[in-house]
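Under numbering that gives the first Met the number 0, think of the first position of the sequence shown as 0, with each following residue one higher. Using N, Cα and C, we set each Cβ at its ideal position, and we do this for glycine too. Fair warning: this is a prediction, and the values are worked out from it, not measured in the lab. Working notes, structure below.
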Amino acid sequence: MSNPIPPLPFPDGEPDETEDVPTREVDGDEVLDPDANQDAVDSHAADIAATQSTEEHGDPDLDQR
Numbered sequence: 000m001s002n003p004i005p006p007l008p009f010p011d012g013e014p015d016e017t018e019d020v021p022t023r024e025v026d027g028d029e030v031l032d033p034d035a036n037q038d039a040v041d042s043h044a045a046d047i048a049a050t051q052s053t054e055e056h057g058d059p060d061l062d063q064r
């Protein structure tokens, strides 16, 4: 089994590349907005935003394993 390394926070002054990713709040959690224009979303930044959201709030699918 591998030991994944969690993403490191951005150093002060570094731009956050996930700030342009469209999100919305669902049940108190910030999730990617499925209604956003998919052509305008940077998939790399969206993956980072989704990973950060899962790590902050826990992934129910992973908790059940």
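> Going by beta carbon distance, what residues of the same chain come within less than 6 Å of V20, once the five residues before and after it are set aside?
Replying inline: Answer for V20: A44, A45, A48, listed in chain order.
>> Suppose you measure from the CA of I4 to the CA of S42; what does that come to, to the nearest Å?
In response: Near 21 Å, if we compare the C-alpha coordinates of S42 and I4.
> Does DSSP put D67 in a helix, a strand or coil?
Replying inline: Residue numbering for the chain in the displayed model covers 0 to 64; residue 67 lies beyond these limits and cannot be assessed.
> T50: which of A35, E29, E24, D34 sits nearest, CA to CA?
Replying inline: Minimum Cα distance to T50 is reached at E29.
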